[in-house]
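All residue numbers for the sequence shown refer to numbering that gives the first Met the number 0, where the first residue is 0 and numbers rise by one.
Just below is one structure, and these are the notes that go with it.
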Amino acid sequence: MCGIVGILCKNKASVEAFREGVNASLDVIRHRGPDDRGILVHNNIILGHVRLSIIDLTRDGHQPMISSDNRYVITYNGEVYNYKDLKQEISHKDINYRSNTDTEVILEYFKLHGVAMFSKLNGMFAFSVIDKKNQKAYLVRDRFGIKPLYYYKDKNKIIFASEIKAIQAIVDNKEINEKALHEWSYYGNTLREETLFKNIKQLLPGCYLEIDTDTLEFKQETYWQPESLLNHHANDSKHDSKKNIKNVRFLLEEAVCKQLVGDVPVGVFLSGGVDSSAITAFAASNYNKQINTYSVGFDFEQGVGELPKAALIAKKFNTNHHELRVTGYDLADTVEKMVHYHDSPFSDAANIPLFLLGEKVKDKVKVVLQGDGGDEIFAGYKRYQTLSTRQFWKPFIGTMSKLHRHLPHSKKFYLRQRYLNALSSYDEAELMALLLTVEDKNNNPIQIFSQEIQDRISSIDPFKSYRECNNRFINEDMTQRMLFTDTQLILPSTFLEKVDRATMAASIEVRVPFLDNTLTEYVMSLPSALKIKHGQKKWLLKQAMRGILPDDILFSKKSGFNVPYQQWLKGPLNQLFNDKILELQGNGCTILDWKYVARLVRENKEGQRNNSFMLWKVLNLMIWLSNND
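So this is what it looks like as structure tokens:
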């Protein structure tokens, strides 16, 4: 795993002037690759690379790397797990390999097949290839967006990098993208190519840019999209449960085995849930020595955490198990660090245990397997379960919502009311979006912004991305549409981004076996009735793991990371929250509506309304604004 940087200049003479900027850029992303560093200049192009050595730890893996015929140059971030198969496929060619890396195989394979090879790569990656002869550059990102890639363009240059801060080390571009800020207020992330900074975009998953290195003109092409997996309805074998269960078990074990490969120690982040437990089971039985597993628990979880489940799995599969316990008073410093590493105000607090766990284990392990993607591929969230029974409850939702308003305002009252409000929507795209976001359609989250900003962004449709995805998969049932939409929107922008930033901050490579190409192509092609069955989420995966995982793990209620935002804001984060308000107000910040923020605080404190999650988002936004002042 690595960090990459590149600049394509229209004026050849200006390239050397950017060398210092590239060095500064590599400095700010050194956490992504502390083992090696390289810069290469060719005509009007300058490339930079920092390396986390995983396969072939020698200097032979140094990047940027030049092909054997001196025509192509690659700077690469990622792991391609089928690189040995690709190498064997072109073994009839007389190639004098200088390393044992997947990087060199990709470079030589590209030399023979060009952009057609992107769809054949099974792994996680974001890289650039320069064709010196044809004066072309290619930027490409893996099909699910596991690895990040951002780019900036003006009339004189294109800059690309693994993180936004690396681009900003070269060009002073911190102007806020208010359109993206609107989207962030709903989802806690931007969902597609927009970022929170104007003129800085992210390359979409499954896409590549082809750039003319002379003119800097470019086009974006798609090399893979999930629609290709949906021609399944006429195939009766897709409904053969026994066969599907057997195939899933085989493909998941195969995916785990592929991702155990490396020249450094490999471990597993074990939460105790079904996904990480399944990975642990197959890793323990296929790794060449006792596998290390790692779990994290917090002092505020009060018995609802999954440490006991994780310990049960570790004991069953004889792993070398480690537990990290964290107190709430470690939070303030951690939250500020995470906003820095994210380049954005993050909303998913699951970043915190990931980051702290990474910091704890970075001296013991370089590669860790994790269960991200399992919920989106196999239907592990409540919203999938709800949508699968929509035809039964739809006629009664209005009455249920009215009756619910008369219930006592318990801890879960506002959560249930928000859910009912979402379900009452007749707009299917809006319904899908509201089932995900914690915001209520009757309580517009853009109210946190100043009136001036609200006036400029209020006409933006917050559900546009969901409408586009809904239309792409319109011939599928609603559960299937939600699954596919999540893989396109939420999986890359929230969960995979979380994993990358939180773990790369500690120089740890996280691999996600549930997003293996072969496994996902098979499971995503199956009807939703095999993923939600008899009202049970993840039915197919759970059946595949029966007899391997204990029933207590397979069929227990999903708990996940229970975030006590209320306690945090009243306790360890209270001082930080107040300090940031004073700092930003003192600096004349006009982004937020300070009266509205004060109202949220008062309502939350007096128990009138649980605004804790919105205040958590406001805190992260304030830290981000402070960092970019």
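Positions of the beta carbon are idealized from the N, C-alpha and C atoms, including for glycine.
Any contact of the stretch 123-132 with the stretch 67-83, i.e. 3+ C-beta pairs under 8 Å?
Verdict: yes, contact present.
Given a cut-off of 8 Å on the beta-carbon distance, is the pair V28 and G2 in contact?
Checking the sequence, you will find Ile at residue 28 rather than Val. Yes, the Cβ-Cβ distance between I28 and G2 is below 8 Å.
For L430, is the classification buried or exposed, using 16 other Cβ atoms within 10 angstroms of its Cβ as the cut-off for buried?
Per the 10 Å Cβ criterion, buried.
Report all residues from its chain with a CB closer than 8 Å to the CB of H232; omit the five preceding and five following residues, and keep chain order.
Reliability of the predicted coordinates at H232 is poor, the pLDDT of 45 falling under 50, and no value is obtained from them.
Run the proximity test for V325: is its beta-carbon closer than 7 Å to any non-hydrogen atom belonging to the ligand SAH?
Ligands are entirely absent from the displayed structure, and the ligand SAH is therefore not among its contents.
Who are the near neighbours of I452 in its chain, counting only those whose CB is closer than 7 Å to its CB and skipping five residues on each side?
Excluding sequence neighbours, I452 sits near E177 and I590.
So if DSSP puts P700 in a beta bridge, which residue, or which two residues, is it bridged to?
Residue 700 is absent from the model: the chain starts at 0 and stops at 628.
Quick one: Cα of E78 to Cα of K257, how far?
Using only the alpha carbons, I get a separation of about 11 Å.
So what's F673 in DSSP terms, helix, strand or just coil?
In the structure as shown, the chain begins at 0 and stops at 628. Residue 673 is therefore absent and cannot be evaluated.
By how many angstroms is the C-alpha of V14 removed from the C-alpha of D171?
Near 17 Å, if we compare the C-alpha coordinates of V14 and D171.
Give the range of the alpha helix (DSSP H) segment to which K381 is assigned.
K381 to S387 is the extent of the alpha helix (DSSP H) around K381.
Taking a contact to mean a Cβ-Cβ separation below 8 Å, would you say V364 touches P264 in this structure?
Yes.
Mind checking whether F513 and G370 have CB atoms under 8 Å apart?
Taking 8 Å as the Cβ cut-off, F513 and G370 qualify as a contacting pair.
Excluding the 5 residues flanking V338 on each side, which residues of the same chain have their C-beta closer than 7 Å to its C-beta?
Around V338: P344, F345, N619, I622, W623 and N626.
Hey, out of D35, K541, L368 and K537, whose CA is closest to L51's CA?
It is D35 whose Cα lies nearest to the Cα of L51.
When DSSP labels each residue in this structure, what does T292 get in the three-state scheme?
Here T292 sits in strand by DSSP.
Between D592 and F448, how many whole angstroms is the CB-CB distance? I'm expecting something under 8 Å.
The Cβ separation is near 6 Å, so the contact holds.
Since K156 is in the beta strand (DSSP E), which residue starts that stretch and which ends it?
Where K156 is concerned, the enclosing beta strand (DSSP E) stretches over K156 to A160.
With a 10 Å radius around its C-beta and 16 neighbouring C-beta atoms as the bar for buried, classify P407 as buried or exposed.
Exposed: under 16 other Cβ atoms inside 10 Å.
Find out if the Cβ-Cβ distance for the pair L518, L250 is shorter than 8 Å.
The answer is yes: Cβ separation under 8 Å.
On the DSSP letters alone, give me the boundaries of the alpha helix (DSSP H) that E15 sits inside.
E15 -> no alpha helix (DSSP H), and no H or E assigned at all.
Taking 8 Å as the cut-off, decide whether the C-beta atoms of D262 and I53 are in contact.
Yes. Within cutoff.
Rounded to the nearest angstrom, how far is the Cβ of Y151 from that of N121, given a contact under 8 Å?
Y151 to N121, Cβ: 30 Å. No contact.
Using the Cβ count rule (16 or more neighbours within 10 Å means buried), how would you classify I158?
It is buried - the Cβ of I158 has at least 16 other Cβ atoms within 10 Å.
Between which two residues does the beta strand (DSSP E) holding R140 run?
Element bounds for R140: K135 to R140.
For a quick check, are the C-beta atoms of I210 and G271 less than 8 Å apart?
For I210 and G271, no; Cβs fall outside 8 Å.
Which of helix, strand or coil does DSSP assign to F109?
F109 falls in the helix class under three-state DSSP.
Within 10 Å of its beta-carbon, does Y207 have 16 or more other beta-carbons around it, so buried, or fewer, so exposed?
Flag for Y207 reads buried.
By Cβ distance, which residues of its chain are closer than 6 Å to A254, with the 5 residues on each side in sequence left out?
Contacts found: P512, D515 and L518.
Inspect the CB distances between the stretch 371-387 and the stretch 282-292 and report whether three or more fall short of 8 Å.
Cβ pair count under 8 Å is below three, so no.
Is DSSP giving V255 helix, strand or coil here?
V255: helix per DSSP, three-state reduction.
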